[in-house]
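Reading through the C-alpha cells given below for one structure.
Protein chains: 2
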Amino acid sequence: MSVQERKERERAGRERLIVATARELAEQQGWDAVTTRRLAERIEYSQPVLYSHFRGKREIIGAVALGGATEMAAALRAATSAADGPRARVTALARTYLDFAERNPAVYDAMFQLDGGLAFAQEDTPEPLKDAFAALWETLGEVAGDGVHPGLFTETFWAALHGLATLTRAGRLPPGDAERRVELLVGRLAVL
Amino acid sequence: MSVQERKERERAGRERLIVATARELAEQQGWDAVTTRRLAERIEYSQPVLYSHFRGKREIIGAVALGGATEMAAALRAATSAADGPRARVTALARTYLDFAERNPAVYDAMFQLDGGLAFAQEDTPEPLKDAFAALWETLGEVAGDGVHPGLFTETFWAALHGLATLTRAGRLPPGDAERRVELLVGRLAVL
DNA sequence: CTCGCTTGTCTAGCGGTGCTAGGATCGACT
DNA sequence: AGTCGATCCTAGCACCGCTAGACAAGCGAG
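Protein chains in written order, with the UniProt record's numbering: chain V, 1 to 192; chain L, 1 to 192.
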C-alpha cells in the first residue's frame with residue numbers, strides 16, 4: 001500500500017502546485033495570461049496532465065477561488081477578533097475585505113467575477129464559500145438592527161463592499177476617497 | 001458631394017447595425033458567443049469590415065456600453081421624475097437601476113464588467129457615462145445628509161447597487177429577497 | 001461611353017486558445 | 001526478469017482575434 005500512498009501524495013502535491021501556479025500567474029499577469037499551455041509549462045508538465053486533475057480551466061479557477069475564500073475568512077476573523085466593540089469590528093471587517101480584494105485582485109476575480117463553476121447560496125455550495133459568508137455574518141449579524149434579518153443584512157452589506165471593491169479596482173471610482181466611502185457605509189448601514 | 005454624403009450615411013448605418021447586432025447576440029447567447037466571425041456573419045459582411053469601423057472587439061463592447069449608458073440615464077430620469085418626494089425618488093432610482101441590470105445583463109456587463117476600453121472617473125470619460133452618473137447624482141445628492149459630499153455619497157450608493165446587481169445575477173445572492181434588500185439599503189443609506 | 005483609379009470588400013492565413021485521441025514509456029508486481 | 005497497467009506526451013482538432021494582399025465595384029475625367 002505504501003506505493004499507492006506515495007503516488008497519492010505526489011498527485012495531491014501536484015494538484016496544489018497547479019492551483020498555486022495558476023494563482024501566481026494570474027496575480028502577476030492577469031487571468032488572460034493563464035492559458036493551459038503556459039500553466040503546463042510552468043509546472044513542467046504537458047497540458048493533458050492538467051486535465052487529469054481538473055475538468056478544465058474553469059475548475060482550476062474554481063480551485064483558486066476556494067483557496068481564496070478560506071484565506072479571506074481567516075483574514076476577516078483575525079481582523080474582527082482583534083477589534084473592540086461592534087463599530088470597530090465592522091470597520092475592521094470592511095477594511096480587511098477591501099484590502100483583500102485590492103491585494104489579491106486575481107483571487108478576488110476568481111471568487112466573484114469569473115465563472116469557476118461553483119454553486120453559491122445553495123445547498124451544495126462548497127464549505128469554504130459558506131464559511132467566508134459565515135465570517136461576514138458573525139460580525140455583521142450583531143449590527144443588523146431590530147426587525148432586520150441578519151442574513152439579509154449581511155447580504156446587503158456584503159454587496160455594498162463588493163461593489164466598492166470591483167468598481168474601485170476597475171477604475172470606475174476615484175481611488176483616493178476609499179476610506180471615506182467605507183466610513184460612510186459603516187456609519188449609515190450598521191446599527192450601533 | 002451628395003455621393004460622399006450617401007456613403008457617410010451608409011457607413012453610419014452599418015456601424016449602428018454592428019453595435020445593435022453585437023448587443024442582440026450578447027443578450028441572446030452571452031458575450032462569449034459574440035465572436036467576430038459570428039458577428040460578421042449576422043451583419044452579412046466579412047470580418048475585416050468590423051475592423052474598418054472599430055479597432056477590435058473591445059471597441060465594439062465599448063460602443064454597446066455607451067448606448068447602454070444613454071439608455072440607463074433616460075430610464076433613471078424617467079423613473080425619478082415620476083416619483084413624489086425624496087424617498088420615493090430614491091426607491092424608484094434603485095429599483096430602476098436593478099431592473100435595468102436584470103433586463104439587460106449583457107449591456108450591463110459591457111458597461112461595468114467587461115473591458116470596453118473606456119475611461120471612467122476622468123476628464124476624458126465619454127459623455128454618456130458622465131451623464132448616467134449625473135442622473136444618479138441628481139436624485140441621490142439631495143439625500144446625502146449634512147456634512148457628506150454628495151458626489152461621495154452617490155459613488156457609495158451606486159457601488160452598493162452595483163454589488164447587488166452583480167451578485168444577484170451571478171447567483172451569489174438568493175434572488176427572492178431583492179426587494180427587501182433594496183428597502184434596507186434605501187432606508188439606511190439615504191437621509192430623508 | 002469608356003477608361004483609369006480610388007475605395008471598399010473578401011479570401012486566406014497567422015499565431016493563439018481550450019481541449020482530446022492515441023501512442024510511447026516507465027515503473028510496480030509476479 | 002518479464003509482463004502489464006498506469007501515466008505522460010506528441011500531435012492535432014476546431015475555434016478565437018486580427019490582418020495582409022488580391023480583387024471587384026463604382027466614381028470622376030476625357
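Even glycine gets a Cβ: it sits at the ideal position worked out from N, Cα and C.
| Check | Outcome |
| --- | --- |
| As assigned by DSSP and simplified to three states, the class of Leu-66/V | helix |
| Uninterrupted alpha helix (DSSP H) stretches inside the region 89 to 147 of chain V (no shorter than 4 residues) | 105 to 112, 127 to 140 |
| Ranges of the alpha helix (DSSP H) found wholly within the region 28 to 88 of chain L, counting only runs of at least 4 | 36 to 42, 47 to 53, 57 to 81 |
| Near the ligand SAM: Ala-74/V beta-carbon under 7 angstroms from a heavy atom | The ligand SAM is absent from the structure shown, which contains no ligands of any kind. |
| Endpoints, alpha helix (DSSP H) assigned at Ala-178/V | 178 to 189 |
| Limits of the unbroken alpha helix (DSSP H) element including His-162/V | 150 to 169 |
| Residues in the region 116 to 140 of chain V having any Cβ partner in chain L nearer than 7 angstroms | Phe-120, Ala-121 |
| Residues that Leu-161/L contacts on chain V, provided the C-beta gap is smaller than 8 angstroms | Gly-163 |
| Cut-off 7 angstroms between Cβ atoms - residues of its own chain near Leu-192/L, not counting five sequence neighbours on either side | Pro-86, Arg-87, Val-143 |
| Buried versus exposed, by CB contacts within 10 Å (16 or more), Glu-5/L | exposed |
| Touching by the beta-carbon criterion (3+ pairs, under 8 angstroms), the region 5 to 25 of chain L and the region 170 to 187 of chain L | no |
| Nearest-angstrom beta carbon gap, Gly-116/L and Gly-56/L [assumed within contact, 8 angstroms] | Not a contact, Cβ separation roughly 11 angstroms. |
| Amino acids of chain L, ordered along the chain, whose beta-carbon sits closer than 7 angstroms to that of Pro-48/V | Neighbours of Pro-48/V on chain L: none; closest Cβ ~24 angstroms, over 7 angstroms. |
| Below-8 angstroms beta-carbon distance, Pro-174/V vs any chain L residue | yes |
| Interface flag, Gly-30/L vs chain V, CB-CB below 8 angstroms | no |
| Sequence-distant residues of the same chain with beta carbon closer than 6 angstroms to Ala-92/V, five excluded per side | Ala-79, Thr-80, Ala-83 |
| Local Cβ density within 10 Å of Gln-47/V, reported as buried at 16 or more and exposed below that | exposed |
| Residue 193/V versus Thr-154/L: straight-line alpha-carbon distance, rounded | In the structure as shown, chain V starts at 1 and stops at 192, and residue 193/V therefore has no counterpart that could be examined. |
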